[in-house]
Amino acid sequence: MKTRIQEKFKTLFGKEGQLYMSSGRINLIGEHTDYNGGYVFPGAINFGIMAAIEPNGLNKVKVYSLDYDEYVEFGLNEEDKPDQAWARYIFGVCRETIKRGGKVQGFNAVFAGDVPLGAGLSSSAALESVFAFAINEINGNGIDKFELARIGQSTEHNYCGVKCGIMDQFASIFGKEGALMRLNCKTGEYKYFPFHPKGYKLVLIDSCVKHELASSAYNKRRESCENAAAAIRKNHPEVEFLSDAKRLWLDEVRDQIPEEDFLRAEYVIGEVQRVLDVCDALERDDYETVGEMMYQTHFGLSRLYEVSCEELDFLNKLARKMDVTGSRVMGGGFGGCTINLVKEELYDAFIGAAKEQFTAKFGHAPKVYDVVISDGARKL
Ligand code: GLA
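The sequence shown begins at 2 in my numbering and counts up one residue at a time.
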């Protein structure tokens, strides 16, 4: 990837550029909890986006995407928003940096990545993070890492139409080799947990299903949660986010909110607790409990939060049938991957069966990614 990027950079701009890199992410547990002020437990992975970048002395960004084989130029003012969806992520990062008082001088860039698109591995956060990190360095802005993650998040909100939480950008910026991170999304406190499950493998199975309306459905889930939190707050003013609510408090407002919102909130309140339980279990090397919690999360995401789909439920059911330790839909949902914690001796049989049975049922093969927990945003 390095060579391809530098060759293209040289062809377009006459010399090589400085390389930066950032990563996609997995999340062991804690799904749809981030925008509810709850806990998440992600880690950066060995799939990422790499970019060569150099200031160009102009008031303009010139950028080439190797994967889309497309070149785009844009200015740095609000009205200069480019048409190409991929370029809007970079434009958004520039704008959000400027809004925070950061300097952004024009630059040339070439980038490429190997984060599968639409698989729920946060290719967009990797793209935002690599540019947020590089622009901060190049311009000497000194913006702290958490704010760099927020720059990516605000880019999604203000330039891409997704009201996402902070998990993906946090993971992409803060990721560390061999460690998962438990983040309290309300306070911003986080802790690294070394993750080396001896005798187990962490594998993703990509259903290769992508749902068109995923971002509007995502925003709708968020609204349901906010609606439930607002109802609870009337009785319990200390509830700032849904994650502050006790299960009992949700029951008190059951007949005041749509049943759908109740179910969404029921899932979230349970999920926040599961993250804590998984972290405790990990400290005891108790992978059976970790896995059981993953199955519970899948159940909640499928039946209460309703962000799974037939293909993902099928993979989850197969995992259960084959005694895989843990399995669940990962990320925003509406397609994408399951994350599976599998005993090493079961790995080949499980992957073989998943490929064969999935293909027989749905007419296309799933993809399999062995993930390694890796470093996040960095200069190479
Ligand atoms: C997407 C969002 C995240 C998070 C997850 C679900 O990846 O970008 O902020 O909400 O979905 O956990």
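Ideal placement from N, C-alpha and C gives every residue a C-beta, glycine not left out.
All of these numbers come straight from a predicted model, not from anything done at the bench.
Taking a cut-off of 5 Å from the heavy atoms of ligand 1, the residues with a C-beta inside it are E32, H33, D35, C165, G166, M168, D169, G332, G333.
Here Y268 has H33, G301, L302, L305, Y306 as same chain residues with Cβ atoms under 8 Å from its own Cβ, once five neighbours each way along the sequence are excluded. In this structure, V64 sits near A88, with a CB-CB distance shorter than 8 Å. Judged by DSSP in its simplified three-state form, N140 adopts coil rather than helix or strand.
Taking the Cα positions, C280 is about 19 Å away from D169.
The Cβ-Cβ distance between A120 and V94 does not fall below 8 Å. Note that the stretch 32-47 touches the stretch 235-251; at least 3 beta-carbon pairs, one per stretch, sit closer than 8 Å. Annotated as proximal: G189 and F147, with beta-carbon spacing under 8 Å. Between G337 and S23, the beta carbon gap of about 20 Å keeps them out of contact (Cβ cut-off 8 Å).
Here N78 is exposed, its C-beta having fewer than 16 other C-beta atoms within 10 Å. Considering only I136, G58, F175, the residue with the shortest C-alpha distance to I374 is F175.
By the criterion of a C-beta distance shorter than 8 Å, M294 is surrounded in its chain by I30, R275, D278, V279, A282, G327, once the five residues flanking it on both sides are discounted. The beta carbon of K164 sits closer than 8 Å to the beta carbons of Y36, E157, H158, Y219, N220, R223 from its chain, once the five residues preceding and following it are set aside; these are given in chain order.
The three-state reading of DSSP puts S309 in coil, since its state is none of H, G, I, E or B. Here DSSP, grouped into helix, strand and coil, assigns Y69 to coil. Here DSSP, grouped into helix, strand and coil, assigns S375 to coil. Note on G49: 16 or more other CB atoms within 10 angstroms of its CB, so buried under the neighbour-count rule.
Between the alpha carbons of C161 and E346 lies a distance of about 43 Å. In this structure, G18 places its C-beta atom within 8 Å of the C-beta atom of E55. Under the DSSP assignment, E345 falls outside any beta strand (DSSP E); it carries neither an H nor an E label.
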